[in-house]
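Structure first, then comments.
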Amino acid sequence: MNMSMKLAPALFGILLVFVSCVCALPQQRPNGGAISGAFHVSGTVVDEQTHRPVANAKVALLISQAGEEQRRVANTGGSGIFVFNGVSAGKYDLYAEARGYAQQALNAHDNFLTGVAAGPGKNSENIVFALSPEAIITGAVGDEAGEPVRDAHVALFRKTNTQGIDAVSMVGMQNTDDRGSFEFRKLRAGAYYIAVGARPWYASMRYQSWGLRSQQNRDPALDVVYPVTFFGGSTDEANAQSIHLKVGQKFEADVALYPTPGLHVRVRGTAGRNSPTVTLQRKIFGSWQMPMGLQMNHVGEGDWEMSGVAPGRYIARVQPVNLGVSMDPGTYRSEQVRQFPVEITGDTEIDPAQGPGVAQVTGVVQLPVSGGKTGNRTLIFRNTLDRQPVFVPLQKDGSFKNTEITVGRYQMELTGPGGYAVQSLAASGAATVVGHQIEFSSGAAAIAIIASNDHGEIHGVVLDHGKPLSGAMVLLVPREGIQEKERIQRDESDSDGTFSLRTIPAGNYTLLALRDGWTMEWGKPEVLAPYLRKGIIVRVGGRETGEVKLEAQ
Amino acid sequence: MGILGRMIGLLLFASCAWAQKTLVSVSELVNTEQQQDVPQQAESETLYSMVGRVVNAVNGEGISRALVSIEFRTGTIPTAHGQDQGVRTMLTDSQGSFHFENLLPARYAFRVQKPGYFDEGEGSGRRGMGSELVTVGPGGVSSATLKLAPEGVVTGRVVDGRGEPVEGLPIRLVMPTVVDGRRRWQPVRGAMSKEDGEFRIANLRAGTYYLHYGPRWREDLFTNPGKEVGIAQAYYPNAMNIETAAPLQVHPGQAENLELRVRQTQGLSIGGDLAGVAEGGGTNCRALDEDAMDAMVGGRGNLDAGHFSLKVGAPGIYTVKCAHYGEPGSESFGELRINVDRDVKGLRIVMSPLATVLVNVVQDSMKLAASAGTTHGAANFSTALRLRGLDAEHQDYWTQQDAKSKGQMVMRSVEPGAYMLEANVFGAWYVASATYRGREAWREPIEIGAGGIGELDVVMRDDGAKITGTVEGGASQLPVAVILVDESRPQLPKLLNTDQNGQFKANGLAPGRYRLFAFAAGLGEQVEYANPTALERYAAKSQSISVGAGEEKTVRLSPIGSTQ
Chain L
24 MNMSMKLAPA LFGILLVFVS CVCALPQQRP NGGAISGAFH VSGTVVDEQT HRPVANAKVA
84 LLISQAGEEQ RRVANTGGSG IFVFNGVSAG KYDLYAEARG YAQQALNAHD NFLTGVAAGP
144 GKNSENIVFA LSPEAIITGA VGDEAGEPVR DAHVALFRKT NTQGIDAVSM VGMQNTDDRG
204 SFEFRKLRAG AYYIAVGARP WYASMRYQSW GLRSQQNRDP ALDVVYPVTF FGGSTDEANA
264 QSIHLKVGQK FEADVALYPT PGLHVRVRGT AGRNSPTVTL QRKIFGSWQM PMGLQMNHVG
324 EGDWEMSGVA PGRYIARVQP VNLGVSMDPG TYRSEQVRQF PVEITGDTEI DPAQGPGVAQ
384 VTGVVQLPVS GGKTGNRTLI FRNTLDRQPV FVPLQKDGSF KNTEITVGRY QMELTGPGGY
444 AVQSLAASGA ATVVGHQIEF SSGAAAIAII ASNDHGEIHG VVLDHGKPLS GAMVLLVPRE
504 GIQEKERIQR DESDSDGTFS LRTIPAGNYT LLALRDGWTM EWGKPEVLAP YLRKGIIVRV
564 GGRETGEVKL EAQ
Chain V
6 MGILGRMIGL LLFASCAWAQ KTLVSVSELV NTEQQQDVPQ QAESETLYSM VGRVVNAVNG
66 EGISRALVSI EFRTGTIPTA HGQDQGVRTM LTDSQGSFHF ENLLPARYAF RVQKPGYFDE
126 GEGSGRRGMG SELVTVGPGG VSSATLKLAP EGVVTGRVVD GRGEPVEGLP IRLVMPTVVD
186 GRRRWQPVRG AMSKEDGEFR IANLRAGTYY LHYGPRWRED LFTNPGKEVG IAQAYYPNAM
246 NIETAAPLQV HPGQAENLEL RVRQTQGLSI GGDLAGVAEG GGTNCRALDE DAMDAMVGGR
306 GNLDAGHFSL KVGAPGIYTV KCAHYGEPGS ESFGELRINV DRDVKGLRIV MSPLATVLVN
366 VVQDSMKLAA SAGTTHGAAN FSTALRLRGL DAEHQDYWTQ QDAKSKGQMV MRSVEPGAYM
426 LEANVFGAWY VASATYRGRE AWREPIEIGA GGIGELDVVM RDDGAKITGT VEGGASQLPV
486 AVILVDESRP QLPKLLNTDQ NGQFKANGLA PGRYRLFAFA AGLGEQVEYA NPTALERYAA
546 KSQSISVGAG EEKTVRLSPI GSTQ
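Chains L and V are the protein sequences, given in the same order. Note that this note's numbering gives residue 84 to position 61 of the first sequence, counting from 1, and the numbers run on in steps of one. Note that this note's numbering gives residue 410 to position 405 of the second sequence, counting from 1, and the numbers run on in steps of one.
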């Protein structure tokens with residue numbers, strides 16, 4: 024079962040502690056006691072490692088009905104046992120937490136969980152809810168003299184299996200305290216990385232105190248920076264040491280920072296009134312942006328200089344002054360932010376005019392004849408490099424003209440009424456279709472997009488030697504292959520073995536269920552190929568709903 | 006001994022090793038003096054050295070890796086020497102010592118910094134200056150001991166009635182601070198209790214603090230719908246207000262460890278309807294305690310439909326404040342003070358529309374009139390006007406006149422309440438008079454009622470008077486706070502600082518009688534000068550002076566209450 028989008032973030036340990044005003048409250052109103060019926064959901068919360076009952080665990084039972092979240096809460100007391108009586112038939116999400124354990128959903132994998140089916144002939148009792156004890160990473164950040172570094176940014180990254188490929192994503196950020204200490208709690212087992220960013224206090228304090236007007240005042244001994252440093256001492260993320268955290272483990276990850284001379288980056292022609300703004304972003308593991316606190320100095324001749332730049336790979340962002348002035352649909356000229364990677368190893372110059380060119384894109388989005396309203400739709404060009412969107416409002420006939428798009432590869436998305444999604448792409452000029460993405464180069468480009476809301480659903484049950492199997496990974500793979508991960512759909516089978524896949528664009532697919540899919544790098548073609556051969560071929564056509572029996576592999 | 010003498014005494018030799026090191030520096034100093042005819046020096050100036058040590062003010066130990074800055078202030082112009090352009094900095098060595106070579110004879114500002122330490126003088130009137138002036142050269146000093154006071158730390162653990170740790174409780178330290186001449190309880194630093202209930206607040210100057218915590222409530226997957234529990238806001242230890250709270254003495258270099266025992270509560274609810282809320286926009290209601298602190302431990306309401314439902318933690322007197330934001334003209338505001346001793350339902354808060362203030366500025370130039378031989382002349386320059394809320398809960402409203410506004414300005418969405426008018430005016434201009442809805446609005450507070458459009462008429466003149474003055478002994482290092490009270494509107498005195506020569510000036514003064522107070526560095530920051538009663542006790546040491554239109558007078562003041 025797919026985890027409720029509203030609840031998924033809570034699993035990352037975000038406490039909903041309200042200290043502000045009423046207006047900040049989400050508008051979902053829990054409706055106590057609305058879950059009532061003749062069935063029972065019960066079980067025991069146990070420690071995943073010791074299999075002993077977990078005392079004083081809190082268990083929440085949720086159901087989504089008619090768009091409204093309904094919820095009941097139980098406490099396991101000393102026995103670890105939870106009981107929800109008088110439950111109506113349906114499928115429920117079950118969550119649990121306890122002191123020393125992170126909040127978890129029942130048998131959770133990625134964004135999926137095993138839903139609990141209650142009803143006639145369904146076994147919704149004697150559930151074993153295994154909670155894994157929290158793991159903790161603590162540490163201290165010290166400087167070159169071994170003194171604590173205060174207010175250093177410490178970012179925690181986790182290697183995750185998203186869409187079947189290992190990726191590294193940021194899972195927490197803290198600032199060190201006066202002892203240089205940080206502590207990440209409620210962590211799951213897995214591979215983690217730590218990145219630390221800070222400025223030497225004596226360098227930054229000096230800037231604050233005296234408001235240096237001229238760079239000549241700079242004392243080279245104090246004009247130093249700390250490069251972004253990873254646990255293990257590397258300043259290069261490719262060589263960052265990973266922390267293999269075991270369930271319940273407490274790991275100490277001290278990081279020492281060593282200064283290097285602060286580099287100076289001159290930005291040409293940016294001091295005038297109508298000149299673009301140039302910023303440097305330091306992205307860690309391609310996703311999270313480390314705050315750098317760069318100092319800008321006017322150095323005359325119409326130029327600015329950034330001082331205190333640490334060596335590393337940056338993304339230079341050039342923001343035009345007249346950003347987004349014209350929002351006239353159809354003739355939207357997105358004076359968009361241009362960005363390009365720069366590797367900074369020494370004092371250097373950036374020319375805002377450099378970097379990738381732009382494509383002048385004209386195009387049309389075609390809806391089926393029966394599509395009805397064409398207005399109020401926006402085409403989204405999502406840059407595959409940084410996932411940043413460019414929004415292009417469409418005219419009533421679905422067209423747009425002369426939109427500037429920075430050179431690069433884009434995922435095309437469509438928003439607006441009717442649930443239409445991009446079905447097929449065509450391109451000419453400075454644009455090439457690559458699967459379900461478009462690669463733009465400099466020059467004039469024309470694209471045509473056919474959108475469709477022709478979606479089907481697949482419902483079924485995963486079987487293990489003929490008996491329903493819960494917790495299996497169900498994969499729906501386009502017949503073209505698995506190159507386009509965005510088009511693969513997944514689910515986790517519920518307590519009665521059932522699963523559901525919704526909003527599937529029409530086409531041919533292979534459907535399969537994997538017992539151990541959650542730990543498998545199924546996103547690699549060579550890993551998936553043998554299983555794919557044994558899958559069931561399904562055809563999803565106009566709005567049909569299928570019922571499938573699927574033997575797990 | 007003056008402040009200079011207190012801060013920078015002759016270097017005391019704490020150990021033999023240290024003494025030797027220093028002596029080497031001193032002999033280098035002599036060498037430097039002898040090398041005054043080195044060819045690359047254009048002028049035959051003598052160069053000097055400055056040696057010193059940074060020590061912990063509590064235990065006298067040297068502090069390594071402290072950043073010492075020395076900045077040229079006045080004296081010989083140093084630009085002849087390439088390296089001497091303003092600021093020089095260095096980190097102290099492992100013994101805490103520093104030395105600067107090749108200094109021209111001049112006055113320099115010294116400053117020392119290190120995380121976890123405070124410059125001893127910084128807290129007392131030199132904030133912003135943050136430096137110590139020394140004279141280097143003939144008759145000056147060649148060594149200095151700079152003291153840093155180590156920070157204080159407050160740590161603790163929050164537990165509930167059963168001794169279980171409490172997570173996510175906001176905690177802040179407050180201290181009485183004078184802001185714009187008014188005493189305020191200012192939050193200084195804060196923290197949030199962690200999963201094990203622990204909290205830690207560092208980087209504290211020595212002093213008296215009060216610990217305020219809460220409110221907190223938690224609504225997540227695991228709270229029973231409708232049965233959320235919260236923690237009411239309170240002062241340590243469980244005091245409802247600051248008068249009954251226990252002060253915390255924070256000492257330099259020491260950690261104070263507390264146990265906060267808090268009570269979880271299901272709270273008392275306050276609910277009702279809002280009358281007169283316009284369609285659209287958004288509404289926000291808050292419950293504040295008697296100290297105007299946020300007091301909500303829960304609650305929500307379908308505010309769109311004009312209902313509110315809030316929870317407070319304990320019986321007491323609360324103010325429910327609601328504001329509706331939306332299109333200009335539809336915005337409204339309402340509040341209700343209520344004694345809560347049980348759940349309260351069915352309240353009705355009548356929302357009043359926010360007011361619009363139309364400002365008409367007449368610039369009545371006496372100078373133009375004189376040159377043109379007429380009785381009035383009109384000028385056009387930039388003026389900023391501010392309505393300053395007299396009630397701490399009311400915000401301030403600004404408006405700025407520019408060339409386009411032609412003397413017409415608008416302040417929108419002004420909450421009903423009492424305000425004083427303030428003006429930022431250029432040169433010799435001053436506010437000669439102001440009326441709001443025909444009533445005096447310059448010397449008396451302006452009462453702004455609900456809704457509607459009120460006209461504020463401001464007449465400005467350019468024949469302002471000028472008072473200049475000198476503070477005795479003020480030519481020392483630190484600025485002296487001079488308070489200038491317009492006796493016709495004592496609610497909003499002006500704060501002037503002396504320059505490095507101990508002089509001050511105020512121009513653009515309306516003709517009338519003024520009273521002047523000079524407060525020694527440190528005291529100026531503590532005096533509630535905007536409170537006429539608080540100033541009264543210093544009246545004997547103040548000076549009163551009358552000025553007429555265009556007149557200039559000079560006074561000589563002696564500073565009140567030096568901190569030494």
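Ideal Cβ positions, reconstructed from N, Cα and C, are used throughout, including at glycine. In this text the structure is predicted, and so the values were computed from the model without any measurement.
For the beta strand (DSSP E) containing residue i, list its first residue and its last residue.
{"i": "Tyr532 (chain L)", "result": "Gly530 to Leu537"}
{"i": "Val193 (chain V)", "result": "Arg187 to Met197"}
{"i": "Pro501 (chain L)", "result": "Met496 to Pro501"}
{"i": "Pro175 (chain V)", "result": "Pro175 to Val184"}
{"i": "Leu551 (chain L)", "result": "Looking at the DSSP string, Leu551 (chain L) is not in any beta strand (DSSP E); the run it does join, the alpha helix (DSSP H), is Pro548 to Arg556."}
{"i": "Ala111 (chain V)", "result": "Ala111 to Gln118"}
{"i": "Ala168 (chain L)", "result": "First-last for Ala168 (chain L): undefined, no H or E at that position."}
{"i": "Phe207 (chain L)", "result": "Ser204 to Leu210"}
{"i": "Gly421 (chain L)", "result": "First-last for Gly421 (chain L): undefined, no H or E at that position."}
If you compare alpha carbons, which of the options is closest to residue i?
{"i": "Asn365 (chain V)", "options": "V:Arg189, V:Arg353, V:Met416 and V:Phe522", "result": "V:Met416"}
{"i": "Lys499 (chain V)", "options": "V:Pro110, V:Gln269, V:Val117 and V:Val184", "result": "V:Val184"}
{"i": "Leu521 (chain V)", "options": "V:Arg442, V:Val146, V:Glu530 and V:Ala545", "result": "V:Ala545"}
{"i": "Gly334 (chain V)", "options": "V:Val325, V:Val362 and V:Val345", "result": "V:Val362"}
{"i": "Leu265 (chain V)", "options": "V:Gln254, V:Ala300 and V:Gly166", "result": "V:Gly166"}
{"i": "Lys309 (chain L)", "options": "L:Val247, L:Glu436 and L:Arg181", "result": "A small fix is needed here, since residue 309 (chain L) is Gly in this sequence, not Lys. Looking at the Cα atoms, L:Arg181 is the closest of the given residues."}
{"i": "Arg223 (chain V)", "options": "V:Ala239, V:Leu174 and V:Val267", "result": "V:Leu174"}
{"i": "Ala212 (chain L)", "options": "L:Lys269, L:Pro243, L:Arg340 and L:Thr199", "result": "L:Lys269"}
{"i": "Val73 (chain V)", "options": "V:Gln271, V:Val117 and V:Gly121", "result": "V:Val117"}
{"i": "Glu420 (chain V)", "options": "V:Glu449, V:Arg353 and V:Ser337", "result": "V:Ser337"}
{"i": "Ala554 (chain V)", "options": "V:Asp401, V:Leu151 and V:Lys372", "result": "V:Lys372"}
{"i": "Gln272 (chain L)", "options": "L:Ile367, L:Lys490, L:Ser155 and L:Ala376", "result": "L:Ser155"}
{"i": "Gly235 (chain V)", "options": "V:Ala389, V:Met301 and V:Ala446", "result": "V:Met301"}
{"i": "Gln126 (chain L)", "options": "L:Asn149, L:Ala153, L:Pro143 and L:His176", "result": "L:Ala153"}
Could you give the C-beta distance for residue i and residue j, rounded to a whole number, given that I count them as a contact under 8 Å?
{"i": "Val68 (chain L)", "j": "Ala119 (chain L)", "result": "5 Å"}
{"i": "Ile328 (chain V)", "j": "Gly457 (chain V)", "result": "The residue asked about is misnamed: residue 328 (chain V) is Ala in this sequence, not Ile. In fact, because the Cβ distance is near 18 Å, the residues do not count as touching under 8 Å."}
{"i": "Gly380 (chain L)", "j": "Leu408 (chain L)", "result": "About 15 Å separates the two Cβ atoms, so there is no contact after all."}
{"i": "Ile560 (chain L)", "j": "Thr526 (chain L)", "result": "Ile560 (chain L) to Thr526 (chain L), Cβ: 20 Å. No contact."}
{"i": "Ala263 (chain L)", "j": "Phe274 (chain L)", "result": "Contact doesn't hold; Cβ gap of about 15 Å is too wide."}
{"i": "Asp369 (chain V)", "j": "Met465 (chain V)", "result": "6 Å"}
{"i": "Tyr323 (chain V)", "j": "Val345 (chain V)", "result": "6 Å"}
{"i": "Pro364 (chain L)", "j": "Arg336 (chain L)", "result": "6 Å"}
{"i": "Glu480 (chain L)", "j": "Leu535 (chain L)", "result": "The Cβ separation is near 17 Å, so there is no contact."}
Which residues does DSSP pair with residue i in a beta bridge?
{"i": "Glu169 (chain V)", "result": "None, per the DSSP bridge assignment."}
{"i": "Met245 (chain V)", "result": "Paired residue(s): none; Met245 (chain V) is not in a bridge."}
{"i": "Thr526 (chain L)", "result": "Its beta-bridge partners do not exist; DSSP assigns none."}
First and last residue of the alpha helix (DSSP H) that includes residue i?
{"i": "Tyr540 (chain V)", "result": "Inspection of the sequence shows that residue 540 (chain V) is occupied by Leu rather than by Tyr. Counting along the chain, the alpha helix (DSSP H) containing Leu540 (chain V) begins and ends at Pro537 to Glu541."}
State yes or no: is the beta carbon of residue i nearer than 9 Å to at least one beta carbon in chain A?
{"i": "Arg173 (chain L)", "result": "The structure shown has no chain A; the protein chains it does contain are L and V."}
Residues, ordered as in the chain, of the region 66 to 82 of chain L that lie near chain V by beta-carbon distance below 9 Å: If the cut-off is 9 Å between Cβ atoms, the region 66 to 82 of chain L has Lys81 and Val82 near chain V.
Near-chain V residues of the region 91 to 125 of chain L - C-beta to any C-beta below 7 Å: Residues of the region 91 to 125 of chain L with a Cβ closer than 7 Å to any Cβ of chain V, in chain order: Arg94, Val96, Tyr118 and Glu120.
Interface positions of the region 54 to 79 of chain V facing chain L (Cβ-Cβ less than 8 Å), listed along the chain: Cβ contacts with chain L come from Ser69, Arg70, Leu72, Ser74 and Glu76.
Near-chain L residues of the region 209 to 231 of chain V - C-beta to any C-beta below 8 Å: Listed by position along the chain: Pro220, Arg221, Trp222, Arg223, Glu224, Asp225, Leu226, Phe227, Thr228, Asn229, Pro230 and Gly231.
Short-range partners of chain L found in the region 261 to 289 of chain V, where Cβ spacing is below 8 Å: Residues are counted here when their Cβ sits less than 8 Å from a Cβ of chain L; for the region 261 to 289 of chain V these are Gly287, Thr288 and Asn289, given in chain order.
Against chain V: residues of the region 186 to 215 of chain L by CB proximity under 7 Å: For the region 186 to 215 of chain L, the residues whose beta carbon sits under 7 Å from a beta carbon of chain V are, in order, Asp200, Asp201 and Arg208.
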